[in-house]
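Quick note: the sequence shown uses the working numbering, first residue 184, plus one each step. Don't be surprised by glycine CBs; every beta carbon is placed ideally from N, CA and C. The structure under discussion appears below in the form of structure tokens.
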Amino acid sequence: MDVSFLGGPQPQRGVGVVAPFDFALDRELWRWVPDDVSLHLTRTPFVPVEVSLDLARLVSEHETLGEAVRALGAAEPEVLAYACTSGSFVGGIAGERAMCEAMRRSGELPALTTSGALLDALVELGARRIALVTPYTRSVTESLEEYLAEAGIVVTGRAYLGLTRHIWKVPYRDVARMAREAVRGVADALFISCTNLPTYDVIPQLEAELRMPVISANQVTMWAALARLGTRAVGPYQALLDPAARRQWPLPGHGLPPEHGLPPGHGLPELPEGQEGRS
């Protein structure tokens, strides 16, 4: 059958993504991407180190980033994204900016990181006080808090799992439980850290329950990268992506403490389990 009348594939714009060697959630990233954009992913070389500050430093070395960016060049992306939260906050704000500059030099393209995208997302939402959820150990979580403090962001509550491996296997129910634990005081938003932690389906559920914007590492990375292309990330009723979704809550600084909102699970369907597995 002659199919020449179909013309061929539609032109695709590309986002080049550099991820750590253990990144396992490629499919989650794609869920935020519109049909006319492709993701071109590459990973940093394997190192036999568990999730820690040492690993964060290893997977964010400028030489490693340069090699990964050059490997992406053949796919001709229009923007570069480093998809790792800990690797991009471990050096503080100056370290994050230096990473972007290293990628820009290697690829001659606009470049961003997850942690830089996080700060941009908080500005977009007008959020200065956040609740924090991480799968990390205490030391890695504290390093993230230091990065946020450097940017003038106050962490009002936190919950973390203390994991050093298999983070992608954490089910949604554990993410939701930590979110409820973290929202202890008045916060403008909740941030769920780590690009290896599944979050896509849990975001709108938690926003409805906690009555505040909920953002995650993979979400802010894709939101920022796609914005650089002049397009928008897609997702079901997520406050960062849809300004209309924000109008149901008070403005930052005028929010109600969680005890004045809906009780956990009130009027909501069950959260999906996500990717099951033993951590």
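Bridge partners - residue i, DSSP secondary structure assignment
i, result
"R341", "L315"
"Y355", "BP columns for Y355 are empty, so no partner."
"I375", "V316 and S399"
"V220", "R196"
"L295", "A264"
"R226", "A202"
Cα-Cα separation, residue i to residue j
i, j, result
"Y420", "R429", "9 angstroms"
"L344", "S376", "11 angstroms"
"V316", "A427", "25 angstroms"
"I398", "R312", "13 angstroms"
"P447", "R356", "Note that P447 scores 34 on pLDDT, short of 50, meaning its location in the model is unreliable; the coordinates nonetheless yield the value given after this. About 13 angstroms."
"A332", "P194", "42 angstroms"
"E211", "P318", "17 angstroms"
"A408", "A264", "6 angstroms"
"V234", "T324", "12 angstroms"
"M286", "R341", "32 angstroms"
"T404", "L393", "23 angstroms"
"E291", "S326", "30 angstroms"
"L224", "Q388", "29 angstroms"
"D185", "G413", "36 angstroms"
"Y472", "W213", "Only positions 184 to 462 of the chain appear in this structure, which leaves residue 472 out of reach."
Nearest residue (CA-CA) to residue i, options the options
i, options, result
"L423", "L302, R360 and R253", "L302"
"P272", "L305, E328, P318 and R287", "Here residue 272 turns out to be Phe, not Pro, going by the sequence shown. For the residues L305, E328, P318 and R287, the minimum Cα distance to F272 belongs to E328."
"A257", "G199, R360, D425 and D357", "G199"
"P260", "D371, L236, L238 and S289", "S289"
"D209", "A410, A407, L412 and Q402", "Q402"
"F204", "E279, A277, P194 and R348", "R348"
"S269", "R280, P293 and R240", "R240"
"T320", "I350, P293 and L292", "I350"
"P381", "V353, L292 and E392", "V353"
"L238", "R253, W213, G274 and L222", "G274"
"A294", "G249, A304 and Y330", "G249"
"S221", "E246, L255 and H245", "L255"
Classification of residue i by the beta-carbon crowding that lies within 10 angstroms, buried from 16 upward
i, result
"S322", "exposed"
"F374", "buried"
"V230", "exposed"
"V232", "exposed"
"G457", "Per-residue confidence for G457 stands at a pLDDT of 41, beneath the threshold of 50, marking its modelled position as unreliable; no derived number is given."
"V306", "exposed"
"G299", "buried"
"H437", "With a pLDDT of 44 at H437, under the threshold of 50, the predicted position of this residue should be treated as unreliable, though the coordinate-derived value follows. Per the 10 Å Cβ criterion, exposed."
"G309", "exposed"
"E279", "buried"
"G418", "buried"
"E390", "buried"
"P192", "exposed"
"P440", "Note that P440 scores 40 on pLDDT, short of 50, meaning its location in the model is unreliable and no value can be drawn from it."
"A277", "exposed"
8 angstroms Cβ cutoff met for residue i and residue j
i, j, result
"V262", "R411", "yes"
"A472", "A334", "The displayed coordinates of the chain run from 184 to 462. Any statement about residue 472 would go beyond what the structure contains."
"D360", "T339", "The sequence given here has Arg at residue 360, not Asp. No, the Cβ-Cβ distance between R360 and T339 is not below 8 angstroms."
"C283", "T297", "no"
"D219", "R196", "yes"
"W406", "A416", "yes"
"N379", "A207", "yes"
"A400", "A314", "no"
"T227", "V242", "yes"
"V337", "V358", "no"
"M396", "A365", "Note on residue identity: the sequence assigns Pro, not Met, to residue 396. No, they are not a contact pair."
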